[in-house]
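Novice:
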Amino acid sequence: MDNNAQFTRADGRATNELRPVKITRGFTSNPAGSVLVEFGNTRVMCTASVEEGVPRFKRDSGEGWLTAEYAMLPSSTHERMPRESMKGKVKGRTHEISRLVGRALRAAVDLRQLGENTIAIDCDVLQADGGTRTAAITGAYVALADALAVLQARGVVPGQPLLPPVAAVSVGIIDGVPCLDLPYEEDSRADVDMNVVMTESGRFVEIQGTGEHAEFSREELNAMLDLAEGGLHQLIAAQKAALAEPQ
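One point on numbering: in UniProt numbering, the residue at position 33 of the sequence shown is 33, and numbering is uninterrupted.
(1) Less than 8 Å separating the beta-carbons of N117 and V156?
(2) Check each candidate in D110, T210, Q127 and name the one with the smallest Cα separation from I119.
(3) Who are the Cβ neighbours of M1 in its own chain at under 8 Å, not counting the five residues just before and after it?
(4) Identify which residue in A108, E38, D187 has its Cα closest to the Cα of A238.
(5) Answer yes or no: do M72 and V125 have a C-beta to C-beta separation smaller than 8 Å?
(6) Considering only the beta carbon of each residue, do G33 and A136 sit closer than 8 Å?
(7) Here's the rule I'm using: 16 or more other beta-carbon atoms within 10 Å means buried, otherwise exposed. How should residue 266 be labelled?
(8) Here's a check: name, in chain order, each residue in its chain whose Cβ is nearer than 6 Å to the Cβ of A228, leaving out the five neighbours to either side.
(9) Would a check of beta-carbon distances place L73 closer than 8 Å to chain D?
(10) Taking the alpha-carbon of A140 as reference, which of K91, C46, G64 has the nearest alpha-carbon?
(11) Identify whether E186 lies in helix, strand or coil by the three-state DSSP scheme.
(12) DSSP puts residue 271 in a beta bridge; with which residues?
(13) Could you work out which residue in Q113, L232, E185, I174 is closest to E206 when comparing CA atoms only?
(14) Taking Cβ to Cβ, would you say A167 is nearer than 8 Å to M198?
(15) So, are the CB atoms of I236 and P165 less than 8 Å apart?
(16) Smallest Cα separation from E215: which of G202, S61, I173?
(17) Kindly list the residues whose CB is nearer than 7 Å to the CB of G40, restricted to its own chain and excluding five residues on each side of it in sequence; keep chain order.
(18) Pick out whichever of Q208, Q152, Q247 has its Cα sitting closest to the Cα of I97.
(19) For a quick check, are the C-beta atoms of G131 and D60 less than 8 Å apart?
(20) Could you tell me which residues DSSP puts in a beta bridge with A167?
(21) At what residue ranges does the UniProt domain "Exoribonuclease phosphorolytic" (17-147) contain a whole run of the beta strand (DSSP E), taking only runs of 3 or more?
(22) State the start and end residues of the unbroken beta strand (DSSP E) segment that holds L162.
(23) Quick check: what's the CA-CA separation for S210 versus A14?
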């Protein structure tokens, strides 16, 4: 941590500074909720669609369900990736992130108030520059809020299912220095890489942390969580500001 004075990030940001964040609602017209979220050069389209009925394990429970899928478009990275559907096999990373997004968003909805309806969240990475999963969660909350507003306007849901915001951000240790919101250049060489999902009240939904190239101390863990918490409050403010704007 003594390296802070000599450390400079490639994009000139402070260690506790987010990349520019932009959330555009109504990005496409077909889904009940549709958002383009931008974390710097990372761009993710997040949609929320409404389906009648619930999976078998939720039938006759009176509760709804929320599921999520995550994918990267072939040209979202520097080198084109073949579509996983063409290979006939979805990668483990894709499954992992899809489940993460689903868990995060289920923390933002009261399934008992949803009735036996399913919200399907789809997050498609248009351009990847680090933090795609955290951008997906942050943008998907806004798409979810818009979808639930549509359901309520139609009289489909019996209650008020939307809970306070959930957002996500990455943190890591670069050259010995804890940093917030890593772009690919930093993420690819980070000593430690961590993704943090948090509610507006400051309660953690998920913390994923890995010593990629080095171990980390309790002090460094606390420093990363402090950075994440500060960034997440800013992201939640951006979510609320986006939802306050008329469509």
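Built from N, CA and C at the ideal position, the CB exists for glycine as well.
Specialist: With the structure as the only source:
(1) yes
(2) D110
(3) Unreliable positioning characterises M1 in this predicted model, as indicated by a pLDDT of 45, which lies under 50. The coordinate reading is nonetheless provided below. Contacts found: G176, V177, P178, E219, E220, A223.
(4) E38
(5) Yes, Cβ-Cβ distance for M72 and V125 is below 8 Å.
(6) no
(7) The structure shown does not extend to residue 266, since the chain spans only 1 to 247, so no value can be given for it.
(8) V169, V171, V196
(9) In the structure shown, chain D cannot be found, because there is only a single protein chain.
(10) C46
(11) helix
(12) Nothing in the structure corresponds to residue 271, since the chain is present only between 1 and 247.
(13) L232
(14) yes
(15) yes
(16) I173
(17) R19, P20, D129, P183
(18) Q208
(19) no
(20) M198
(21) 21-25, 33-39, 42-52, 65-72, 117-127
(22) Premise fails: L162 is in no beta strand (DSSP E) and is neither H nor E.
(23) Residue identity check: residue 210 is Thr in the sequence provided, not Ser. Roughly 23 Å between the two C-alpha positions.
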